[in-house]
Amino acid sequence: MVWVGPEAEAPSGGQKLDVGGGILMPGLIDCHSHLVFAGSRLGDFLKRMGGESYEALLSGGGGIHTTVAATKSASDAELLALTQGRLARLAKSGVMTVEVKSGYGLEPEAEARLLTIAGEAARAPGMPKVVRTFLGAHALPPGRDRKDYVAEVVGAQLAACKGLAERIDVYCDRGAFTVEEAEQILRAGQKAGLGATLHAEQVAWTGAAELAGRLNIQSADHLERVDEAGIAALAKGGVVAVLLPGAMLQLRDSSPPVMQLRAAGVPMAVATDFNPGSSPVLDVWLVASLAVLTMGLTPEEALKGITRVGAQALGLKDRGRIEVGAVADLAVFEPPSGEKADPRTLLMYMGGHTARIRIQGGRVLADSYQAAIEPSL
Ligand SMILES: [Zn+2]
């Protein structure tokens, strides 16, 4: 963006686009997703609704492992089509930058394959920019020795993936990887030049948030069970707290301590955590509404959480904001019928909002409302 301000002061020349009373937003940011996968987790859902816990399913070889097996048996073309379909749906809702994790491969070549497909899927016109995150430490494959597997993650897996990803992540929790293992993996990623993030304090308190603060990583995500020391460490380390209401609701969990995070000055982002098991929701507007309704974010915090703070969680300072110097990613939304052009109405009306006009890097996308373009000033 080269200029932002009142119309009367606009520089002459250029193209004029009348957004006709619409709500102008920076291109939305979804800073946490697992969208390259195949297969269904309906069986898990039915078991969970029957009272089984997510943790019990995972340790019984279900959960993530079900998706790893289905993803392995899908062809590249199938995975690409699935991923493109999901990215296209996010794009329609105004998302212009999305973080995509690997983590359903759990072997060097399989992890690299998922990151490659994520990159390819984003190459189609009008797709969001994809920030790729290597998540080989998503789950310990059944039958693997822990020490051996962690050595593979920081060895062969990282070597295969570091050129395909911008970030590294670990699922640090009871039933997954320990704080010590997470530290080893994140440090190896940082040494390889990757940004770092962490699934932290979701199923059980582990001390992962303190690790996140100590390593000054970009974000710590989930945080349902973060304690006071963890919050202080996040604040001190400049770590963004990424709140994931889809997973909280799907697992019938309690809220992260939003009041304490706010009081400590920890920036809060909101993301879909889109995945087939614990957060099958592909609507950043819906999770922003849920962050307000179920976690207690203010509407303004939720709007920042899916724009500028979401970008901050990905280490990106040039998007998620309408200001000079930022990338000109913009989305225009119609207010719900009878409502004023106030973005908070898009949170009150829960989910399903489609961008009427999308501008990516200063270019009006072809499937946008072309009729709104007027001749130059
Ligand atoms: Zn996740």
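Numbering of the sequence shown is given in my numbering, commencing with residue 13 and proceeding in unit increments.
Cβ coordinates follow ideal geometry from the N, Cα and C atoms, glycine included.
Return the chain-ordered list of same chain residues with a C-beta closer than 7 Å to the C-beta of VAL188, the five sequence neighbours on each side being excluded.
Locating residue 188 in the sequence shown gives position 176, counting from the first residue. The question names Val, yet the displayed sequence has Ala at residue 188. Closer than 7 Å at Cβ, skipping near neighbours: ALA151.
Check SER231 in the structure and name its three-state DSSP category.
Reading the sequence shown from its first residue, position 219 is the one you call residue 231. Reduced to three states, the DSSP call for SER231 is strand.
Own chain partners of SER266 with C-beta closer than 8 Å, once the 5 adjacent residues on each side are dropped
Working through the sequence shown from its first residue, we reach residue 266 at position 254. Answer for SER266: GLU236, MET260, listed in chain order.
Please determine whether the Cβ atom of HIS77 lies at a distance below 8 Å from any heavy atom of ligand 1.
The sequence position of residue 77 within the sequence shown is 65, counting from 1. Incorrect: HIS77 has no Cβ contact closer than 8 Å to ligand 1.
Cβ of LEU302 within 8 Å of any heavy atom in ligand 1?
Working through the sequence shown from its first residue, we reach residue 302 at position 290. No, the Cβ of LEU302 stays beyond 8 Å of every heavy atom of ligand 1.
Helix or strand or just coil, what does DSSP make of ILE180?
Your numbering for residue 180 matches position 168 in the sequence shown. Strand.
Between ALA224 and PRO257, how many whole angstroms is the CB-CB distance? I'm expecting something under 8 Å.
Mapped onto the sequence shown, residue 224 falls at position 212. Mapped onto the sequence shown, residue 257 falls at position 245. Incorrect: roughly 20 Å between the Cβ atoms, too far for contact.
Suppose you measure from the CA of GLY32 to the CA of ILE369; what does that come to, to the nearest Å?
Stepping through the sequence shown from its first residue, residue 32 is reached at position 20. Stepping through the sequence shown from its first residue, residue 369 is reached at position 357. One C-alpha to the other measures close to 11 Å.
Endpoints, beta strand (DSSP E) assigned at ARG399
Here the chain has residues from 13 to 389 only, and residue 399 is not among them.
Would you give the residue range spanned by the alpha helix (DSSP H) that MET307 belongs to?
For the purposes of this step, residue 307 is taken as the residue at position 295 of the sequence shown. No alpha helix (DSSP H) contains MET307, which DSSP labels as neither H nor E.
Please go through the same chain and pick out, in chain order, the residues whose beta-carbon is closer than 7 Å to the beta-carbon of LEU424, but skip the five residues on each side of it.
Since the first residue of the chain shown is 13 and the last is 389, residue 424 is not available in this structure.
Buried or exposed: where does MET37 fall if 16 or more other Cβ atoms within 10 Å of its Cβ makes it buried?
Position 25 of the sequence shown holds residue 37. Buried, by the Cβ-count rule.
In the structure shown, what three-state DSSP assignment does GLN372 receive?
Position 360 of the sequence shown, counting from 1, holds the residue named residue 372. It is a strand residue.
Proximity winner among PRO348, ALA221, THR319, relative to ASP341 (alpha-carbon distances)
By 1-based counting over the sequence shown, the position of residue 341 is 329. It is THR319.
What residues are listed by DSSP as bridge partners for ILE35?
In the sequence shown, counting from the first residue as 1, residue 35 sits at position 23. In the DSSP assignment, ILE35 is bridged to PHE345.
Between the CA atoms of MET13 and ALA325 - distance to the nearest angstrom
Residue 325 sits at position 313 when you count from the first residue of the sequence shown. Residue 13 sits at position 1 when you count from the first residue of the sequence shown. The straight-line gap from Cα to Cα measures roughly 21 Å.
Could you name the residues of the same chain whose beta carbon sits closer than 7 Å to that of GLY73, not counting the 5 residues immediately before and after it, in chain order?
On the sequence shown, position 61 is the one that residue 73 refers to. Contacts found: PRO154.
Hey, does LEU92 have any beta-carbon neighbour from chain C nearer than 9 Å?
No chain C is part of this structure, which consists of one protein chain only.
Tell me where the alpha helix (DSSP H) around THR95 begins and ends.
On the sequence shown, position 83 is the one that residue 95 refers to. Segment 88 to 104, the alpha helix (DSSP H) holding THR95.
Quick one: Cα of ALA232 to Cα of VAL299, how far?
Translated into positions along the sequence shown, residue 232 becomes position 220. Translated into positions along the sequence shown, residue 299 becomes position 287. Computed Cα separation, rounded: 17 Å.
Using the DSSP secondary-structure output, state which residues sit across from ILE41 in a beta bridge.
Translated into the one-based positions of the sequence shown, residue 41 becomes position 29. THR109.
Counting only the same chain and skipping the five closest in sequence on each side, list residues whose C-beta sits under 8 Å from that of THR306.
Here residue 306 is taken as the residue at index 294 of the sequence shown, counted from 1. Closer than 8 Å at Cβ, skipping near neighbours: PRO257, MET260, LEU261, SER267.
Cutting at 7 Å between CB atoms, please list the residues of its own chain near GLY277, excluding the five before and the five after it.
The residue given as residue 277 occupies position 265 in the sequence shown. Correct list, in chain order: ALA247.
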